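Visitor:
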Amino acid sequence: VLSFVQIPAVESVVRKVKRLLEKFLNSYFIPLLPIYVFGFLLEVQHKGVFGSLFANYGKAFVLICVTQMVFLTLYYLLAACGSINKAFFYIKNALPNYLTAFSTMSSTATIPVTVECAEENGVSKPLAELSMPIMANIHLVGDSVSTPLLAMVTVMLFLGQFPDPVAYMKFVLMFCSAMLAVSGIPGGGIIVMIPILVSQFCFNEQMVSIIITLYLLLDSFGTAANVMGDGALGIIVNKLFKRLRLV
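Listed below in structure tokens is the structure:
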């Protein structure tokens, strides 16, 4: 609304709230995440279940990473109109984007690199500068792969049975919809989903702690997948706009 209607007082309030949120996230939330993970890992080691925990989730980790790679490959093949050589060319140009996101664990922090890589892949500068910040917060393919699979494995380990298919599909739809409202910060996706995990699958405190920790350990891969997908979607949208003669 504020893009079309100028209301200075409201804009000022929005900016102040934005600055307060950024200060909280950067000064308190994000720095405390590694401490939380480290503390949980120490607790697991103290209880003597560290090895069995990661043995049980090892295959899930591999499945999540492979599934993310499959999605990204399909994205870039679609962006390249089925041309394998062109898809590899796009992927090569986008690799700095992937590596930056992997190290920062933040789609938002990676936006400058995402924009630059998108421009190298032929996305017009105005479209790249407009779309990449938006997709950093609403396109989270990595999270949408990892969290449902982690939830499934956790339910199977603790309850000894596969989740009810209808309840599981309901959870997946709720999760993917909620991803549109999650900020692109480390741990944002799983924090938002805790109430849904508790209500849908009766997660207890231990289950919640485990899935948060495992999610954060995988967050680098998820964030990297998110921003790589952003680049592919940017190429697709740019080509559509060219056909419509909008760029």
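Final position of the sequence shown in our numbering is 1107; the numbers increase by one with none missing.
Ideal Cβ placement from N, Cα and C applies to all residues, glycine included.
Note that this is a predicted model, so its numbers are computed, not measured.
1) Mark M1029 as exposed unless 16 or more other C-beta atoms lie within 10 angstroms of its C-beta, in which case mark it buried.
2) Please confirm whether L1033 has its beta-carbon closer than 8 Å to some beta-carbon of chain C.
3) Using a Cβ-Cβ cutoff of less than 7 Å, which residues in the same chain neighbour N1098 once the five nearest sequence positions on both sides are dropped?
4) Is it the case that the stretch 1057–1067 contacts the stretch 1084–1096, given that we only count it when at least three CB pairs across the two stretches are under 8 Å?
5) List the endpoints of the continuous alpha helix (DSSP H) containing P868.
6) With distances taken Cα to Cα, identify the nearest neighbour of V1013 among Q866, I924, C1036.
7) Going by C-alpha to C-alpha distance, which of A947, I1056, D1003, N953 sits closest to F1081?
8) Counting only the same chain and skipping the five closest in sequence on each side, list residues whose C-beta sits under 6 Å from that of A1084.
9) Pick out whichever of A915, L1093, L902 has its Cα sitting closest to the Cα of L1017.
10) Going along the chain, which residues of its own chain have a beta-carbon closer than 6 Å to the beta-carbon of V1032, five neighbours each way excluded?
11) Does the Cβ of A1027 have 16 or more other Cβ atoms within 10 Å, making it buried, or fewer, making it exposed?
12) To which residues of the same chain is T964 closer than 8 Å at the C-beta, ignoring the five residues directly before and after it?
13) Since P1025 and V1015 are thought to touch, with beta carbons under 8 Å apart, how far apart are those beta carbons, to the nearest angstrom?
Guide: Concretely, from the data shown:
1) Translated into positions along the sequence shown, residue 1029 becomes position 169. The residue is exposed, with fewer than 16 neighbouring Cβ atoms inside 10 Å.
2) Although the question refers to chain C, the structure presented lacks it and comprises just one protein chain.
3) One-based indexing of the sequence shown puts residue 1098 at position 238. Contacts found: G982, V983, S984, L987, V1107.
4) These segments do not touch.
5) On the sequence shown, position 8 is the one that residue 868 refers to. Looking at the DSSP string, the run of the alpha helix (DSSP H) that includes P868 is 868–884.
6) As a position in the sequence shown, residue 1013 is number 153, starting the count at 1. By alpha-carbon distance to V1013, the top candidate from Q866, I924, C1036 is I924.
7) For the purposes of this step, residue 1081 is taken as residue 221 along the sequence shown, with counting starting at 1. Minimum Cα distance to F1081 is reached at D1003.
8) One-based indexing of the sequence shown puts residue 1084 at position 224. Here the set comprises Y958, A961, F962.
9) Start at 1 with the first residue of the sequence shown, and residue 1017 comes out as number 157. Out of A915, L1093, L902, A915 has the C-alpha closest to the C-alpha of L1017.
10) Locating residue 1032 in the sequence shown gives position 172, where the first residue counts as 1. Hits under 6 Å: P1008.
11) For the purposes of this step, residue 1027 is taken as residue 167 along the sequence shown, with counting starting at 1. When all chains shown are included, A1027 counts as exposed.
12) Counted from its first residue, the sequence shown places residue 964 at position 104. Contacts found: T970, T1083.
13) As a first step, residue 1025 is located in the sequence shown; it is residue number 165 there, counting from the start. As a first step, residue 1015 is located in the sequence shown; it is residue number 155 there, counting from the start. Their Cβ separation, rounded to whole angstroms, is 12 Å, which puts P1025 and V1015 out of contact at 8 Å.
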